[in-house]
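Chains E and Y supply the protein sequences, listed in that same order.
The numbering of the first sequence is the working numbering, which starts it at -18 and goes up by one.
The numbering of the second sequence is the working numbering, which starts it at -18 and goes up by one.
Idealized CB from N, CA, C, for every residue including glycine.
Fair warning: this is a prediction, and the values are worked out from it, not measured in the lab.
What follows is a set of notes on a single structure, which appears directly below.
There are 2 protein chains.
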Amino acid sequence: MADPLRQPPGDKLAPKAVIGRVSLYLRQLEASQRQGQPTISSSQLGAALGIGDAQVRKDLAFFGQFGYPGIGYRIEELIAALRRILGIDRIWPTAMIGLGNLGRALIKYRGFRSRGFHIVALFDNDPKKMGQTHSGLTVRPLEDLARTTSELGIELAILSVPAEAAQRVADQIVACGILGILNFAPVPLNVPPTVGVMAVDLSVQLEHLAYKVLNGQGGISHAG
Amino acid sequence: MADPLRQPPGDKLAPKAVIGRVSLYLRQLEASQRQGQPTISSSQLGAALGIGDAQVRKDLAFFGQFGYPGIGYRIEELIAALRRILGIDRIWPTAMIGLGNLGRALIKYRGFRSRGFHIVALFDNDPKKMGQTHSGLTVRPLEDLARTTSELGIELAILSVPAEAAQRVADQIVACGILGILNFAPVPLNVPPTVGVMAVDLSVQLEHLAYKVLNGQGGISHAG
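See below:
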């Protein structure tokens, strides 16, 4: 990643690394708020995450002017701003596609719902899974994706299908007008430039851990 | 992340972003090798991942001189080098701790075993789970962690316990001499500087996807 403040020309989006850190700042701010703290300094905000105060200020400055001289950041105000920036001040109706072990675990992952990602429909194309119920939702066949997407206003899809099926299912997702895909299938997806994809390969994180252990470096990294 | 080639003084490790991309290069090289390709250029290597050729060369130069003028990279040689660099030219005996939905899904996640991360023991402290068998392994109580770690030579732990239990279990892991923790619990861990931690918060990835969709930017990002 290049310097977060130096954007490639024509690209107004914050770099991935900055957005990842903003998610972590938000979690830290929420923890401080639960403890009744009204304001926080950039060094306090970064400390628990192992991030320096200059980096914190630079990251937040990407989105606007949030700090007050002599006060720091007002926690409630900064939480609201970061939620708006990340787009989690709203509900995202989300489809879960692929109900293998990982898909079934992800349905119950509490962190999604609490951030506004509501799984509203489940899809698989295994006839044995049709009609099964998980977390109150009935598994539907993939051929119902287009109709269900328009009925329920689905905007995002979590894709947890085998590698060999992933591109074909992604094509269906895109054809339905779904705007973003969180891809757990261990294969890159080809999608039109208007569709967002975040790829999650859990073995990549474990490789990075192995690298750190081999090189004798401890400490905390955030893969998010 | 700062420029990958500008390391903080005294820190010889490659930045997180570089290691993440090296994992992706390795996957791309393996795909090219399966198709019988003997060599690859930096632009071919980056193309499928949406990474420019200059970035590919810079990332690899971090670890040594791998390219040949007029030839590019020899795929077999570069695969071996990257596996050695990442530490996946060996077996990592790994413990899975916490057998909720996510833990049970992770046991079956094929991507771990194929990269050398062998889950050799399962732990939980729910009495109802004791003696259950998953993927041929029997669930053990957490109080057996120290003994099992030394018997089986466990080096890494995948931690998938509730947030409120995570620090306590992490302390047990550290006390057993385990060197690295892949943390799925949505809470930061305090560990000694000699222990590596990679934190995985899946809702962070979904937040980043929401940000991209909101800002009308599609394209592919790799969260790994």
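- For ASN171(Y), is the classification buried or exposed, using 16 other Cβ atoms within 10 angstroms of its Cβ as the cut-off for buried? In the second sequence, the residue the question calls residue 171(Y) occupies position 190. The residue in question, ASN171(Y), is exposed, as its Cβ has fewer than 16 Cβ neighbours within 10 Å.
**Study point:** Beta-bridge pairing of LEU103(Y) - partner residues as DSSP gives them
**Key:** The residue labelled residue 103(Y) in the question sits at position 122 within the second sequence. Its beta-bridge partners are MET77(Y) and VAL120(Y).
Measuring CA to CA, which of ALA151(Y), SER4(Y) and MET179(Y) is closest to ALA61(Y)? Residue numbering aside, residue 61(Y) sits at position 80 when the second sequence is read from its first letter. It is SER4(Y).
| Hey, does ASN106(E) have any beta-carbon neighbour from chain Y nearer than 9 angstroms? | Translated into positions along the first sequence, residue 106(E) becomes position 125. Not an interface residue.
| said: Cutting at 8 angstroms between CB atoms, please list the residues of its own chain near ARG85(Y), excluding the five before and the five after it. | reply: Walking along the second sequence from the start, residue 85(Y) turns up at place 104. The residues are HIS115.
(message) Between which two residues does the alpha helix (DSSP H) holding ASN82(E) run?
(response) Indexing the first sequence from 1 puts residue 82(E) at position 101. Start and end: 82 to 88.
Quiz item: According to DSSP, is THR130(E) helix, strand or coil?
Solution: Here residue 130(E) is taken as the residue at index 149 of the first sequence, counted from 1. In this structure, THR130(E) counts as helix in the three-state DSSP scheme.
Helix, strand or coil for ILE139(Y), going by three-state DSSP, please let me know.
Working through the second sequence from its first residue, we reach residue 139(Y) at position 158. Residue state, collapsed to three classes: strand.
Identify whether VAL178(Y) lies in helix, strand or coil by the three-state DSSP scheme. Within the second sequence, the letter at position 197 stands for residue 178(Y). Of the three classes helix, strand and coil, the one that applies to VAL178(Y) here is strand, per DSSP.
Next item on the list: Flag this pair as touching only if the stretch 100 to 111 of chain Y and the stretch 24 to 40 of chain Y have three or more C-beta atom pairs under 8 angstroms; answer yes or no.
Entry: no
query: Residues of chain Y with CB under 7 angstroms from PHE93(E), in chain order?
result: Indexing the first sequence from 1 puts residue 93(E) at position 112. The answer, in chain order, is SER184 and LEU187.
Using the Cβ count rule (16 or more neighbours within 10 Å means buried), how would you classify ASP152(Y)?
Position 171 of the second sequence, counting from 1, holds the residue named residue 152(Y). By the neighbour-count rule (16 or more Cβ atoms within 10 Å), ASP152(Y) is not buried but exposed.
- prompt: Taking Cβ to Cβ, would you say PHE165(Y) is nearer than 9 angstroms to LEU137(Y)?
  reply: Taking the second sequence and counting its residues from 1, the one referred to as residue 165(Y) is at position 184. Taking the second sequence and counting its residues from 1, the one referred to as residue 137(Y) is at position 156. No, Cβ-Cβ distance for PHE165(Y) and LEU137(Y) is not below 9 angstroms.
- Message: Between SER4(E) and chain Y, is the shortest Cβ-Cβ distance under 9 angstroms, so that the two count as touching?
- Response: Within the first sequence, residue 4(E) is the residue found at index 23, counting from 1. Judged by the 9 angstroms Cβ criterion, SER4(E) is in contact with chain Y.
Identity of the residue in GLY31(E), LEU63(E) and ILE32(E) nearest GLN46(E) by Cα: To locate residue 46(E), count along the first sequence from 1; it is residue 65. For the residues GLY31(E), LEU63(E) and ILE32(E), the minimum Cα distance to GLN46(E) belongs to LEU63(E).
request  = Give a yes or no on whether the minimum CB-CB distance between ARG15(Y) and chain E is below 9 angstroms.
outcome  = What you label residue 15(Y) is simply residue 34 of the second sequence in a count that begins at 1. With 9 angstroms as the cut-off, ARG15(Y) does not count as an interface residue toward chain E.
Starting from ARG15(Y), trace the alpha helix (DSSP H) both ways and give me its first and last residue.
-> For the purposes of this step, residue 15(Y) is identified with residue 34 of the second sequence, where counting begins at 1. -3 to 15 is the span of the alpha helix (DSSP H), which, as asked, contains ARG15(Y).
*asked:* Considering just the uninterrupted stretch of the alpha helix (DSSP H) at LEU190(E), what are its terminal residues?
replied: Against the first sequence, residue 190(E) aligns to sequence position 209. From DSSP, the alpha helix (DSSP H) with LEU190(E) extends over 183 to 195.
With DSSP collapsed to three states, give me the class of PHE93(Y). The residue given as residue 93(Y) occupies position 112 in the second sequence. Three-state DSSP puts PHE93(Y) in a helix.
- Are VAL101(Y) and LEU133(Y) close, meaning C-beta to C-beta below 9 angstroms? In the second sequence, counting from the first residue as 1, residue 101(Y) sits at position 120. In the second sequence, counting from the first residue as 1, residue 133(Y) sits at position 152. Contact: yes.
- request: Measuring alpha carbon to alpha carbon, tell me which of LYS89(E), ILE162(E), ILE21(E) and GLY1(E) ends up nearest PRO143(Y).
  value: Reading the second sequence from its first residue, position 162 is the one you call residue 143(Y). That would be LYS89(E), whose Cα lies nearest to the Cα of PRO143(Y).
Determine whether the beta carbon atoms of ALA76(E) and LEU(-6)(E) lie at a separation below 9 angstroms.
If you number the first sequence from 1, residue 76(E) lands on position 95. If you number the first sequence from 1, residue -6(E) lands on position 13. Going by C-beta atoms, ALA76(E) is not nearer than 9 angstroms to LEU(-6)(E).
| With respect to the alpha helix (DSSP H) encompassing LEU63(E), which residues constitute its N-terminal and C-terminal limits? | Along the first sequence, read from residue 1 onward, the residue named residue 63(E) stands at position 82. Counting along the chain, the alpha helix (DSSP H) containing LEU63(E) begins and ends at 56 to 67.
Requested in this report: Quick one: grab the DSSP three-state call for LEU170(Y).
Outcome: Working through the second sequence from its first residue, we reach residue 170(Y) at position 189. Here LEU170(Y) sits in coil by DSSP.
CA-to-CA distance, PRO167(Y) to ILE67(E), given in whole angstroms: As a position in the first sequence, residue 67(E) is number 86, starting the count at 1. As a position in the second sequence, residue 167(Y) is number 186, starting the count at 1. Looking at the sequence provided, one finds Leu at residue 67(E) rather than Ile. Their backbone Cα atoms lie some 18 angstroms apart in a straight line.
Identify which residue in GLU188(Y), PRO169(Y), LEU195(Y) and VAL194(Y) has its Cα closest to the Cα of ALA29(E). Start at 1 with the first residue of the first sequence, and residue 29(E) comes out as number 48. Taking only the C-alpha atoms, the option nearest ALA29(E) is PRO169(Y).
According to DSSP, is GLY48(E) part of a helix, a strand, or is it coil?
Numbered from its first residue, the first sequence carries residue 48(E) at position 67. Correct three-state label for GLY48(E): strand.
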